[in-house]
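Structure first, then comments.
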Amino acid sequence: MEIVLETNNLEKKYKDFRALNHTDIHIEKGAIYGLIGKNGAGKTTLIRIICGLQEPTNGSYTIYGVNNSNSNITNVRKRMGAIIETPSIYGEMTARDNLIEQYKLVGMPSMDGVDELLKLVGLENTGKKKSKNFSLGMKQRLGIAIALANHPDFLILDEPMNGLDPQGIIEIRELILKLNKERRITILISSHYLDELSKIATHYGFLDNGSIIKEISSEELMKKMEHKIELKVSNPKDFVQYFEEKKISYEVMNSKTINVYGKYNLSKFINELSKKSLIADEIHEIEESLENYYMNLIGGGRVD
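So the sequence shown is numbered by our numbering: it starts at 45 and just counts up by one.
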């Protein structure tokens with residue numbers, strides 16, 4: 045699998061403050077990579093370094109295999125589009141004029157594709173309306189269109205759903221999925237809207253105090269988050285034998301803990317076990333959310 049972005053022991057210090065601390069991240073081609081972390085965890089700092097707006101204090105990163113110390117990194121970044129913090133929009137211009145201006149800035153040979161981009165982000169009917177009068181959701185979609193002006197195959201979005209109403213969030217979510225599936229754009233998206241992120245991300249990186257503490261695919265994460273019954277037992281072999289016979293999905297966590305995956309009526313499940321003289325010391329029914337998983341991972345706190 046081709047790696048679009050990889051960082052190696054990346055550090056960023058501001059006097060006595062360490063914004064990034066030996067940060068290692070790996071983003072595969074075609075992924076929607078959800079970068080999760082509290083405010084101040086280092087998300088925007090990481091994004092600004094990748095986009096060339098800041099230099100790392102130590103460590104390195106590669107984009108499409110080109111190291112940041114290589115003079116060719118500037119050309120590689122032409123394959124990228126990004127929105128960092130807030131979209132760069134000229135408020136007195138229409139959506140179309142904003143795109144035309146961006147086409148000029150990135151040196152596009154013609155204005156072909158402007159109308160197609162406006163249609164892609166759902167702004168084709170805004171006419172002469174100035175962008176300063178757009179809703180926040182419309183401004184975000186225009187920002188994404190501007191980031192797409194140079195036809196990138198790697199798109200970075202820093203909190204694109206921040207402040208949006210439910211309809212605006214849905215529109216951004218659908219647009220991100222469309223860009224990924226139809227245009228095959230690899231996307232790095234930082235967000236604290238974890239419920240929404242769980243609907244689109246294919247991979248996750250959990251950032252805490254400037255370090256990536258866990259990278260995981262959505263498939264692996266869903267298995268960890270799915271409904272389960274946690275059994276504390278003194279005789280795991282007997283339970284394992286029963287689960288094997290009944291083809292029950294389980295995982296032995298340690299010498300005294302077994303997780304059973306799937307949705308079961310807890311009373312009936314306990315009753316079936318007791319018929320086989322399988323008595324657990326403790327039984328807990330667990331159903332995790334992405335937010336709970338993250339909070340457990342970092343040891344509490346809120347995602348702000």
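Each residue gets a CB set at the ideal place from its N, CA and C atoms; glycine is no exception. For clarity, every value in this text was computed on a predicted model and none was experimentally measured.
Residue from the options whose Cα sits closest to the Cα of residue i
i: H271; options: E264, I327, E331, L265; result: E331
i: M266; options: S234, F287, T230, Y305; result: Y305
i: N112; options: G125, G96, D202, T170; result: G96
i: Y337; options: L232, M152, S299, I260; result: I260
i: A189; options: E160, D209, L180, G207; result: E160
i: S262; options: S333, Q146, K174; result: S333
i: N340; options: I71, K173, G81; result: G81
i: T130; options: K243, T88, N298, N194; result: T88
i: R185; options: I133, N309, N194; result: I133
i: I256; options: A85, K73, E72; result: A85
i: G212; options: K183, K312, I144; result: K183
i: N102; options: H66, L149, I91, L201; result: H66
i: L201; options: K173, K268, G125; result: G125
i: A245; options: Y308, E264, L149; result: E264
Whole-angstrom distance between residue j and residue i, CA atom to CA atom
i: L275; j: I342; result: 24 Å
i: Q248; j: A191; result: Residue identity differs from the one stated: residue 248 is Tyr in this sequence, not Gln. For Y248 and A191, the distance between alpha carbons rounds to 22 Å.
i: E289; j: D282; result: 11 Å
i: G171; j: A139; result: 8 Å
i: G345; j: L251; result: With a pLDDT of 48 at G345, under the threshold of 50, the predicted position of this residue should be treated as unreliable, and no value is reported.
i: L54; j: D68; result: 7 Å
i: K73; j: V277; result: 43 Å
i: D197; j: R227; result: 8 Å
i: G157; j: T301; result: 58 Å
i: D60; j: N315; result: 59 Å
i: E218; j: M205; result: 12 Å
i: S115; j: E99; result: 14 Å
i: E326; j: N303; result: 12 Å
Residues bridged to residue i [DSSP beta-bridge criterion]
i: N102; result: E55
i: N298; result: T301
i: Y77; result: L232, H247
i: N177; result: In DSSP, N177 forms no bridge with anything.
i: M409; result: Within the shown structure, residues of the chain are numbered from 45 to 348, placing residue 409 beyond reach of any answer.
i: R62; result: K57
i: T138; result: K174
Beta-carbon proximity of residue i to residue j, cut-off 8 Å
i: I292; j: I76; result: no
i: Y105; j: E50; result: yes
i: K320; j: Y286; result: yes
i: L310; j: I273; result: yes
i: K176; j: G207; result: no
i: L79; j: L232; result: yes
i: I127; j: G181; result: no
i: I91; j: S235; result: no
i: V48; j: I93; result: no
i: L223; j: I229; result: yes
Three CB pairs or more closer than 8 Å across the stretch 112-123 and the stretch 165-176: The stretch 112-123, when compared against the stretch 165-176, does not touch it at the 8 Å Cβ threshold.
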